[in-house]
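Mapping of the sequence shown onto numbering that gives the first Met the number 0: position 16 corresponds to residue 15, and the numbering continues sequentially without gaps.
Ideal Cβ placement from N, Cα and C applies to all residues, glycine included.
What follows is a short report on a single structure.
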Amino acid sequence: MNAEEYGGLTGGGGPPDRAAQLAEGLTRVNARIDAAVSASGRADRPALIVVTKYFPASDVECLKALGVYDVGENRDQEASVKAVEVGDASLRWHFIGQLQTNKAKSVVKYAHAVHSVDRPALVSALDKAMRLEKERNGQSEESRPLLDCFIQVNLADKSAAHRGGASPADVPMLAAMIAEAGQLRLAGVMAVAPLGEEPARAFNHLAGISAELVSDHPGADAISAGMSGDLEAAIAAGATHLRVGSDVLGARPPVG
Ligand SMILES: *Cc1c(COP(=O)(O)O)cnc(C)c1O
């Protein structure tokens, strides 16, 4: 779009520049995070992953210019193309969506972390894909960092609709598998607050699961939780990684 297409609508103030919109969204979300951090009395500040799904590579570039290096995507088909388009090795791509094992090979080409590890077959597929990718590139074991893996936990009652994620009872088994995999690093846990449940209750449940995990795996203390609608509750419950999309980028087009 050019300025003329907006002519008259903006009262001479110029087109609503995308970079300015994103800067405004980012400022708004960072203010929410700061307020929630101080309300919770935490000394640390969680990392913000800006979820860019459905938005173009140009938005990722704008965000990077605003100092955002962590971006989240939930579909490999879209993310793999976008990562090539942006082509910047300083960005960290976080894969946050349901992942089929046959997509592991593609995801490890660009992803720094996978937040949706929820079954043994996916652990094996990611480990193998990382090994093959290193061989393909002639990389040594040390030259590429391990793939950060978050175990996605399904916090919904068994009766509720399944939105992905392992049952809490399976977390120790998955954690042991990831910890033993040569190419993976166990980062911690991830969850989406179930529909119709109080986010604070869900995130406290997740914090309990995280504490149990950390007692077996001291380094695996990351908690990926909190989206546009519930980031305050996630921060109060100790989230270390927030995944925020629409409150930075605006409303997404409805999924077709
Ligand atoms: C889309 C998505 C988000 C971001 O959601 P918003 O409500 O737009 O902030 C976070 N986590 C996951 C798993 C998602 O799919």
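Can you have a look at V70 and say buried or exposed, based on whether 16 or more other CB atoms are within 10 angstroms of its CB? Buried: at least 16 other Cβ atoms inside 10 Å.
Which residue marks the beginning of the beta strand (DSSP E) containing R232, and which one marks its end? Here residue 232 is Ala; the residue named in the question, Arg, does not match the sequence. Where A232 is concerned, there is no enclosing beta strand (DSSP E), although the alpha helix (DSSP H) it sits in stretches over 230–235.
With a Cβ-Cβ cutoff of 7 angstroms, do S209 and I222 count as a contact? Their beta carbons are under 7 angstroms apart, which means S209 touches I222 by this criterion.
In angstroms with no decimal places, state the Cα-to-Cα distance between G164 and A112. Going by the C-alpha atoms only, they are around 16 angstroms apart.
Among the residues of its own chain, which have a CB less than 7 angstroms from the CB of S245, if the five just before and after it don't count? These residues qualify, in order along the chain: S227, R251.
Could you please give the first and the last residue of the uninterrupted beta strand (DSSP E) stretch that includes V150? According to the sequence provided, residue 150 is Ile. The question's Val does not apply to it. Here the beta strand (DSSP E) through I150 covers 146–151.
Work out the CA separation of V247 and L21 for me, nearest whole Å. Roughly 6 angstroms separates the two Cα atoms.
Contacts around A56, its chain only, beta-carbon distance under 7 angstroms, and the 5 residues preceding and following it disregarded: By the criterion of a C-beta distance shorter than 7 angstroms, A56 is surrounded in its chain by K81, E84, V85, once the five residues flanking it on both sides are discounted.
Close Cβ partners of G12 (< 8 angstroms) along its chain, the five nearest in sequence each way excluded: Confidence in G12 is poor, its pLDDT being 45 and thus under 50, which makes the residue's placement unreliable; the coordinate value appears in the next sentence. Same-chain partners within the cutoff: there are none.
Looking at the strands, I want to know which residues DSSP matches up with R242. Beta-bridge pairing links R242 to I48.
Please tell me whether A88 and A128 are closer than 7 angstroms, where the distance is taken between their beta carbons. Going by beta carbons, A88 and A128 fall outside the 7 angstroms limit.
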